[in-house]
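Q: Dumping the structure here so I can ask a few things about it.
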Amino acid sequence: MNAEVKEYVTRKVNELIEAPSCCAEAKEAARGWLNAAGTDKEAESSKNLIAELEADIMPIDGLIAFAGSKAGEQIFGPETAKNVLAHGQELKASGAKYCDCAACAACEAILEKKEELL
Numbered sequence: 029m030n031a032e033v034k035e036y037v038t039r040k041v042n043e044l045i046e047a048p049s050c051c052a053e054a055k056e057a058a059r060g061w062l063n064a065a066g067t068d069k070e071a072e073s074s075k076n077l078i079a080e081l082e083a084d085i086m087p088i089d090g091l092i093a094f095a096g097s098k099a100g101e102q103i104f105g106p107e108t109a110k111n112v113l114a115h116g117q118e119l120k121a122s123g124a125k126y127c128d129c130a131a132c133a134a135c136e137a138i139l140e141k142k143e144e145l146l
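Taking my numbering, I'd label the letters of the sequence shown as residues 29 to 146.
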């Protein structure tokens with residue numbers, strides 16, 4: 029991976045770690061990647077990071093389904109769930125593939141560099 033890609037991915041990995049919506053598993057994989065960068069464990073850590081991000085990133089249809097469900101109402105509260113649902117529908121209409129929360133946005137940016145990471 030060239031220096032420009034490494035710098036970009038490092039920045040996005042740090043954004044992921046700082047995102048309030050980032051789960052503990054993704055934070056752990058991200059920290060592991062940061063710690064392994066530039067070492068003989070970088071390739072393995074990159075595979076782990078990518079696998080975690082692919083498992084965690086929320087497809088827009090999943091966001092819409094969750095926000096419109098009883099579970100979504102319980103997690104977000106009725107009003108916020110309604111707003112998240114509307115936002116998800118707007119995102120989908122604009123062609124978005126994924127949720128645009130800080131964690132998902134960072135995941136998407138990192139995954140766009142998947143080939144360079146592997």
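Cβ coordinates follow ideal geometry from the N, Cα and C atoms, glycine included.
(1) Considering Cα atoms alone, identify which of Ala-31, Tyr-36 and Asn-63 is closest to Glu-136.
(2) Looking at the strands, I want to know which residues DSSP matches up with Pro-106.
(3) With distances taken from CA atoms, which of Asn-42, Leu-145, Ala-57 and Gly-96 is nearest Lys-110?
(4) Could you work out which residue in Ala-47, Ser-73 and Phe-94 is closest to Val-112 when comparing CA atoms only?
(5) With distances taken from CA atoms, which of Glu-46, Leu-62, Asn-76 and Pro-87 is nearest Lys-125?
A: Inspection of the coordinates gives the following:
(1) Reading the sequence shown from its first residue, position 108 is the one you call residue 136. It is Tyr-36.
(2) In the sequence shown, residue 106 corresponds to position 78, counting from 1. For Pro-106, which the question treats as bridged, DSSP gives no partner whatsoever.
(3) Position 82 of the sequence shown, counted from the start, is the residue given in the question as residue 110. For the residues Asn-42, Leu-145, Ala-57 and Gly-96, the minimum Cα distance to Lys-110 belongs to Gly-96.
(4) The sequence position of residue 112 within the sequence shown is 84, counting from 1. For the residues Ala-47, Ser-73 and Phe-94, the minimum Cα distance to Val-112 belongs to Phe-94.
(5) Residue mapping note: residue 125 aligns to position 97 of the sequence shown, counting from 1. Minimum Cα distance to Lys-125 is reached at Pro-87.
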